[in-house]
Amino acid sequence: MQPIGPLMIEHRLIERLLTLMAREFKRIKDNTEVDPEFAFVDPGFIDTAVDFIRTYADRCHHGKEEDLLFKALAEKDLSPEHRQIMAELIQEHAYAREVTAGLVKAKEAYLLEKPGALDDLMEHLGNLVEFYPPHIEKEDKRFFIPCMAYFSDAERTDLLAAMYEFDRMLIHEKYRGLVESMEQRRGCKSCH
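Throughout, the numbering used here is defined as the position within the sequence shown, counted from one, plus 759.
Right, dumping it as structure tokens:
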């Protein structure tokens, strides 16, 4: 398997979540158009989608792209086109993080019934739904495949192994961070 194989497989799961997010966006929008007072946002759905985006799409998927693939490509003599696309992808990842953070803030404001919160929530949710498909297409069709030519067979094998190791350590990183955060919030310095 090429090192881009796992990344492209991850894209398919991200697309499945995006389908669910698009349906939720349409449901809320349709209800808002009928009667804004009865538009209901499912905070649990938003929380789950945000967790997926932050953990799977960003930390796991974008993490492998940025920390492994892009770093390895940065050492290569890339064509100006590929170097430009890689810079765009890094900027797009930062944009996705900003929009996701905005979605979290908008959801919290919605729960507190702040004026305009539903509009903000819908804007951020819609931005994510619109952002990811062309981003994924750019990676899959215009970047990943041609960039494999910059690596030798041995380099591709090493990169794939590094991606598997990255995935293996990710769950431990996530939950170690969770426990450390809980310890800090509770002032528990001697818990570990």
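Cβ atoms here follow ideal geometry from the backbone N, Cα and C, with glycine treated the same way.
{"query": "LEU777 and VAL888: beta carbons closer than 8 angstroms?", "result": "yes"}
{"query": "Name the residue from ILE773, ILE904, PHE902 and ARG945 whose alpha carbon lies nearest to the alpha carbon of THR807.", "result": "ILE773"}
{"query": "Going straight from the alpha carbon of ILE930 to that of ALA781, what length do you get?", "result": "28 angstroms"}
{"query": "Where does LYS835 sit, in a helix, a strand or coil, going by DSSP?", "result": "coil"}
{"query": "For the alpha helix (DSSP H) that GLU942 lies in, which residues bound it at each end?", "result": "912–944"}
{"query": "To the nearest whole angstrom, what separates the beta carbons of HIS894 and LEU862, a pair I think is in contact under 8 angstroms?", "result": "At roughly 16 angstroms, the Cβ-Cβ gap does not stay under 8 angstroms, so HIS894 and LEU862 are not in contact."}
{"query": "Measuring only the C-alpha atoms, how far is CYS947 from GLU932?", "result": "19 angstroms"}
{"query": "Which value, in whole angstroms, describes the spacing of the CA atoms of ARG945 and TYR934?", "result": "17 angstroms"}
{"query": "Compute the distance between the beta-carbons of LEU832 and TYR923, then report whether it is under 8 angstroms.", "result": "no"}
{"query": "If you scan the region 840–871 from start to end, which runs of the beta strand (DSSP E) of 3 or more residues do you find wholly inside it?", "result": "none"}
{"query": "To the nearest angstrom, how far is it from the Cα of ASP879 to the Cα of ALA865?", "result": "6 angstroms"}
{"query": "Leaving out the 5 sequence neighbours to the left and right, which residues in its chain are closer than 6 angstroms to LEU919 when beta-carbon positions are compared?", "result": "PRO762"}
{"query": "Along the chain, where does the alpha helix (DSSP H) containing VAL809 start, and where does it finish?", "result": "802–810"}
{"query": "Could you say which of MET881, THR814 and PHE811 lies nearest to THR791 if we only look at CA atoms?", "result": "MET881"}
{"query": "From ARG775, GLY822, ILE787 and PHE829, pick the residue whose C-alpha is nearest to that of PRO928; which is it?", "result": "Reading off the sequence shown, one finds Met at residue 928, where the question assumed Pro. With distances taken between Cα atoms, MET928 lies closest to GLY822."}
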